[in-house]
Every structure is written in C-alpha cells, then in structure tokens.
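Peer 1:
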Amino acid sequence: MEQGDPRRVTPTLVSAPMGSDTLTVTWADGAETAIPNALLRGYCPCAGCQGHSGDIRWIPGGNAALDTIEEVGSYALSFTFGDGHGSGIYTFRYLRSLGELSAALAADPSRRGQTLSRSLT
Ligand SMILES: [Zn+2]
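According to numbering that gives the first Met the number 0, the residues represented by the sequence shown are 0 to 120, in order.
Listed below in structure tokens is the structure:
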C-alpha cells in the first residue's frame, strides 16, 4: 500500500459506541484504527489548543468524553467533547495519523507526548 493511496485516507466506517472510550475507524484500504478519546482530545488540532504555528502537541486536560461526531464536508470530522469543546477539524488524513500514533504508543509507551507535523492536519 503506497502512502499516497487515497484509500488510506477514506473512512468507510466510524464507530464510537455509547460508553466506549475509543473511536474506531475502518479505512478503504482495509486498515482499522482505534483512537482513544483522550488521544483525540489531547491532539485537538484547533487554534485554541495548538496556536497557529509549530508542531501539533499533546495538550493534557479537558473532558475527553465524546458527545457528538459530525462530518465536515467530505474531508474531515469534528467532535464535541464532554466539556463542550468542539472547534477542532480532524481531516481524514490527520485521523489516520492519530490512529497510527495510537498503535505506536501502545507498542512503545515512551513515545507518549510525541509531536505531529502540522502538515498532517
Ligand atoms: Zn481544541
């Protein structure tokens, strides 16, 4: 599978069952990624969380419970969290990157707090 394959960044199923603490995304290339809500919230890409420049950092705090999920155009999702925060636009490309980061963190917890390139958002 090539990095540029559009199926890598095309979700076919987004699942966040009530009471679950993880967002599961199935992608058109067959991959499935599981992103803990806390990871989604900590890497919220909005300007309020991340400012306007520099890498995307892990921002601790906030209520990570997922209240709503909405599609933005046909390129992104937005989430409203338990404390009402909901200004982040998560492009499909960025979500895929968070899914991969989630898997990397599970395999190697020392990568916790790693930054992500803003170009992924
Ligand atoms: Zn934010």
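For every residue, glycine included, the Cβ atom is placed at its ideal position computed from N, Cα and C.
For S73, count neighbouring C-beta atoms within 10 Å of its own C-beta (all shown protein chains included) and say buried if the count is 16 or more, exposed if not.
Peer 2: Under this definition S73 is an exposed residue.
Peer 1: Expressed to the nearest angstrom, what Euclidean distance is found between the alpha-carbon atoms of F81 and T67?
Peer 2: In the sequence on display, residue 81 carries Gly and not Phe. Approximately 9 Å between the Cα atoms of the pair.
Peer 1: Indicate whether the contact test is met: 3 or more Cβ pairs, each with one atom in the segment 98-110 and one in the segment 48-60, closer than 8 Å.
Peer 2: Contact between the segment 98-110 and the segment 48-60 is absent, because fewer than three Cβ pairs lie under 8 Å.
Peer 1: Ligand 1 heavy atoms versus the CB of H51: any closer than 7 Å?
Peer 2: Not so, every heavy atom of ligand 1 lies at least 7 Å from the Cβ.
Peer 1: Helix, strand or coil: how does DSSP classify A15 here?
Peer 2: Coil.
Peer 1: Kindly indicate the opening and closing residues of the beta strand (DSSP E) around L119.
Peer 2: Here L119 belongs to no beta strand (DSSP E), and DSSP marks it neither H nor E.
Peer 1: Skipping 5 residues on each side, what residues in its chain have a beta carbon closer than 6 Å to that of N62?
Peer 2: F80, G81, D82, listed in sequence order.
Peer 1: Do G85 and I34 have their C-beta atoms within less than 8 Å of each other?
Peer 2: The answer is no: Cβ separation not under 8 Å.
Peer 1: Going straight from the alpha carbon of C48 to that of R40, what length do you get?
Peer 2: Those two C-alpha atoms are separated by around 10 Å.
Peer 1: Within this structure, are the beta carbons of R125 and R95 separated by less than 8 Å?
Peer 2: Beyond the ends of the chain as shown, which are 0 and 120, falls residue 125; an answer cannot be given.
Peer 1: Who are the Cβ neighbours of E31 in its own chain at under 8 Å, not counting the five residues just before and after it?
Peer 2: Cβ neighbours of E31 beyond the five flanking positions: T23, V24, T25.
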